[in-house]
Structures are given as C-alpha cells and as structure tokens.
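Asker: Provided herewith is a single structure, encoded as structure tokens, for subsequent inquiry.
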Amino acid sequence: SLRVAILLSGGGSNMVALVDSMTGAHPARPVLVLSNRPDAGGLEKASARGIATDAIDHRAFPGREAFEDALHARLLAADTELVCLAGFMRILTPGFVARWEGRMLNIHPSLLPLYPGLHTHARALAAGDTEAGCTVHEVTAALDSGPLLGQARVPVAPDDTAESLAARVLTAEHRLYPAVLERFARGERSPLHLR
Ligand code: GAR
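Numbers 2 to 196, taken from the UniProt record's numbering, label the letters of the sequence shown in order.
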C-alpha cells in the first residue's frame, strides 16, 4: 500500500483523522508523522497510534533550503511515497515542491481560490460570506493553489465568530481529507464535493 508521511505543526486533528482512516483494505498507510515544531501536540497523538514520529526544528537551520534538505532526507529515509500536509505552517520553496510534485497534498481552511494564506475565517466573516469550507489540493509552487482534489462546504451562522466558524470547518476537514486521500491513493483525480 501507498506509504504516507504526514507533516504538521500543531495539534494534529487532521493527522488523527487521516491515520484513523487508514485501516483494513485502505490503499495507503501512515509511515511517518513529521513536525517542524518539537512541541507540536500532534507528535504525541501519532506516537500513541504507533506511528514513527520525528521533529525537525526549522529554527535550527540557517535557511529554508537547509531545513527542507533535512525534511526531504527524513521523508526518503521512511520510503515516503505521498506527503500529506496537515496544518503544516511553513511555506515550502519551489525546489522542495518540485521534488514531490504530484505526490504532495494540502488541506486549507477556506473554499479556495478564496482566502489563500492566513486568517481565513476572519476574512470570510468580514466579507459577509454565507458559506465557508475547506479545500484539499495538490501542492504546487504557488501558495495554496494547485489542482483541486476536494472541497467541503459548511454554512456560516449569523452569530459566528472566527473561532466558532473554524470549529465547524475543522469538522468538515476531518471528513474531507480522509475521503480525498483514499480516492487519491486509488488513482482518482477528479474533485470530490462534500456538503
Ligand atoms: C487546520 O484547520 C488546517 O486546515 C489549517 O491548520 C489547521 C490545523 O489543525 N492549515 C492551514 O492553515 C495551512 N496553511 P490540526 O493541527 O488540528 O489538523
């Protein structure tokens, strides 16, 4: 089955959703959870699930490329075939992205192409959007773009705050990312749309 490495920087709820989905006859399996933050909560959750973990602290390197060289070497050491970014909060250089072209997915908490970058929920609320959601896409050199693999939509409530909207979108992320991963591992590239 397809060997998947998951990259994160934080709590890792998307990583947990992905890992917990890869059971039975699933076409992929988790081989490594990698964080740029040694204190990321996701590392313990991965260890508790019996997955190999590692932290590569970006602050220990003189620049982005040295950090990415270490990341790349660690991914190769695990015989990684597919990389899933799951709350990984470092921008990747075009050079690194090229090395994983067609083999790296990302989840983003907005309905791309709306709101690439940060503070997506506050921006959706400020715009008066009545719908929000999340996107899984293939990673290409341009930030938060690349071929669309799936989107899930949620309603915006009149009294939503950025926090309450983020929580609703996160629940949708946990449904969308595993569904897209399974399809991708089976060779499916047409976008999945969830409500
Ligand atoms: C998720 O909402 C994910 O979409 C977002 O960070 C959160 C991570 O939560 N990713 C980005 O903003 C990427 N730029 P998690 O650690 O609980 O999965």
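The C-beta atom is built at its ideal place from N, Cα and C for all residues, glycine as well.
Using the Cα positions of arginine 30 and phenylalanine 68, report the straight-line distance between them to the nearest angstrom.
Answerer: In the sequence shown, counting from the first residue as 1, residue 30 sits at position 29. In the sequence shown, counting from the first residue as 1, residue 68 sits at position 67. Spanning the two alpha carbons is a distance of roughly 25 angstroms.
Asker: Please report the distance separating the alpha-carbon of tyrosine 178 from that of threonine 54.
Answerer: Mapped onto the sequence shown, residue 178 falls at position 177. Mapped onto the sequence shown, residue 54 falls at position 53. Taking the straight line joining both Cα atoms gives about 20 angstroms.
Asker: Determine the extent of the beta strand (DSSP E) in which glutamate 139 is found, giving its start and end residues.
Answerer: Position 138 of the sequence shown, counting from 1, holds the residue named residue 139. Per DSSP, the unbroken beta strand (DSSP E) holding glutamate 139 starts and ends at 132 to 139.
Asker: Can you list, in chain order, the stretches of the alpha helix (DSSP H) that have 4 or more residues and sit fully within the region 59 to 121?
Answerer: 65 to 78 and 95 to 100
Asker: Please check the pair leucine 150 and proline 192, which I expect to be a contact at CB under 8 angstroms, by giving their CB distance rounded to whole angstroms.
Answerer: Here residue 150 corresponds to residue number 149 of the sequence shown, with the count starting at 1. Here residue 192 corresponds to residue number 191 of the sequence shown, with the count starting at 1. With a Cβ gap of about 6 angstroms, leucine 150 and proline 192 count as contacting.
Asker: For ligand 1, is there any heavy atom lying closer than 6 angstroms to the beta carbon of alanine 99?
Answerer: As a position in the sequence shown, residue 99 is number 98, starting the count at 1. In this structure, alanine 99 has its CB at a distance of at least 6 angstroms from all heavy atoms of ligand 1.
Asker: Are the Cβ atoms of alanine 173 and valine 157 separated by less than 7 angstroms?
Answerer: Working through the sequence shown from its first residue, we reach residue 173 at position 172. Working through the sequence shown from its first residue, we reach residue 157 at position 156. Cβ atoms of alanine 173 and valine 157: not closer than 7 angstroms.
Asker: Just reading off the beta strand (DSSP E) that alanine 6 is part of, what are its end residues?
Answerer: Working through the sequence shown from its first residue, we reach residue 6 at position 5. Here the beta strand (DSSP E) through alanine 6 covers 3 to 9.
Asker: Should alanine 125 be counted as a contact of ligand 1 given a C-beta to heavy atom distance under 6 angstroms?
Answerer: As a first step, residue 125 must be located in the sequence shown, where it is residue number 124. No.
Asker: Below 7 angstroms between beta carbons: does that hold for phenylalanine 62 and leucine 9?
Answerer: Working through the sequence shown from its first residue, we reach residue 62 at position 61. Working through the sequence shown from its first residue, we reach residue 9 at position 8. Not a contact, by the Cβ cut-off of 7 angstroms.
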